[in-house]
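Structure first, then comments.
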Amino acid sequence: MTAPPDDCLARNDWICGDYLGSRRQILLDAVAEHVQLTVVSVLLGLVIALPLALLARRRRWARGPVLGLTTVLYTIPSLAIFSLLLPLYGLSAALVVAGLALYSLTLLVRNILAGLDGVPAEAREAARGMGYGPLRQLLAVELPLALPAAMAGLRIATVSAVALTTVGAIVGHGGLGNLIYAGMNSFFKAQVLTASVLCVLIAVAFDLLLLGAERLLTPWRRAGARRRPPRARPADRAEGRLPVATGRRP
């Protein structure tokens, strides 16, 4: 019997350190393209989603059409939407960016709108009482209070964009998806696994960055959590260390 080769590339192992060393620049270039496509598409989606959410918030008649249109866009298969956009953008990175931006609209519009709807009426009345105009009220009161819900949608949209970017490999602009598809065609195990793991790491990194940004932009939520009194334990009530509500007025 012939002894197996010592080189993990020759053995076509799933985990291969030689692959990382010999293709480092290829991996770095693919990661850079993947991150760029994700960031640009999500930012473009955010630029489009914010005015749509504000329109749906200010004009009740527009809520149904806006939510319906963004939902329909989200249901279109990725291959179909790339085909529809192909005459406009050709086989370019702009095709992938446009498709991913359209997909992000559903998550972004719905969450921004939910955040705006959740702003307490007392906050709006207080802003009007202080002489705030509609624009200043929106920027200083409504958008900051809607930020947690909007950031939740942004996090989901970003993680989804990281995964969907790989589909751009069909037009040659898929970042790590190019390596995944090439590895699948040649059954190159190390390349498929490495590119897939890097996609997961990118998604986790984006999620953690956005979570940290949310905490920095909403310091009042942390302050409120620190001031919240601790919950009483059942044992404390049973031992009589805390008063038990009886439902009767004193």
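Counting along the sequence shown from 1, when you hit position 238 you're at 238 in the UniProt record's numbering, and nothing is skipped either side.
Note that beta-carbon positions come from the ideal geometry of N, C-alpha and C, so glycine has one too.
Note that the structure is predicted; figures quoted are calculated from it, not measured.
| Met-1 in three-state terms, based on DSSP | In this prediction, Met-1 scores a pLDDT of 45, lower than 50, which makes its location untrustworthy; no coordinate-derived value is stated.
| request: Run the CB neighbour count on Ser-160, radius 10 Å, all protein chains shown included, and call it buried at 16 or more, exposed below. | output: By the 10 Å Cβ count, Ser-160 comes out buried.
| So, is Thr-194 buried or exposed, given that buried needs 16 or more other C-beta atoms within 10 angstroms? | For Thr-194, the number of other beta carbons within 10 angstroms of its own is at least 16, and it is reported as buried.
| query | Between Thr-106 and Leu-67, what straight-line distance do the alpha-carbon atoms span, to the nearest angstrom? | reply | Thr-106 and Leu-67: Cα-Cα distance of roughly 7 Å.
| If you pair each beta-carbon of the stretch 131–145 with each one of the stretch 96–110, do three or more pairs fall below 8 Å? | Touching, no, given that fewer than three Cβ pairs across the two stretches are closer than 8 Å.
| query | Any idea what DSSP makes of Tyr-103, helix, strand or coil? | reply | It is helical.
| By Cβ distance, which residues of its chain are closer than 7 Å to Gly-177, with the 5 residues on each side in sequence left out? | If we look at Gly-177 and ignore the five residues flanking it on each side, its Cβ neighbours are Thr-165, Thr-166, Val-167, Gly-168, Ala-169.
| task | Use the C-beta contact count for residue 258: other C-beta atoms within 10 angstroms, 16 or more gives buried, fewer gives exposed. | result | The chain is shown only over 1 to 250; residue 258 falls outside these bounds and no answer can be derived.
| task | Can you say whether Gly-90 is buried or exposed, counting buried as having 16 or more other CB atoms within 10 angstroms of its CB? | result | Under this definition Gly-90 is an exposed residue.
| Around the Cβ of Ala-30, are there at least 16 other Cβ atoms within 10 angstroms (buried) or fewer (exposed)? | Classification of Ala-30: buried, given that the 10 Å Cβ count is 16 or more.
| message | Comparing C-alpha positions only, which one of Val-96, Leu-113, Phe-82, Ala-101 sits nearest to Arg-57? | response | Closest by alpha carbon: Leu-113.
| Mapping DSSP to helix, strand and coil, what is Ile-15? | Ile-15: coil per DSSP, three-state reduction.
| said: Restricting to Cα atoms, I'd like to know which of Val-192, Pro-144, Val-200, Ala-157 is closest to Glu-214. | reply: Of the listed residues, the one whose Cα sits closest to Glu-214 is Pro-144.
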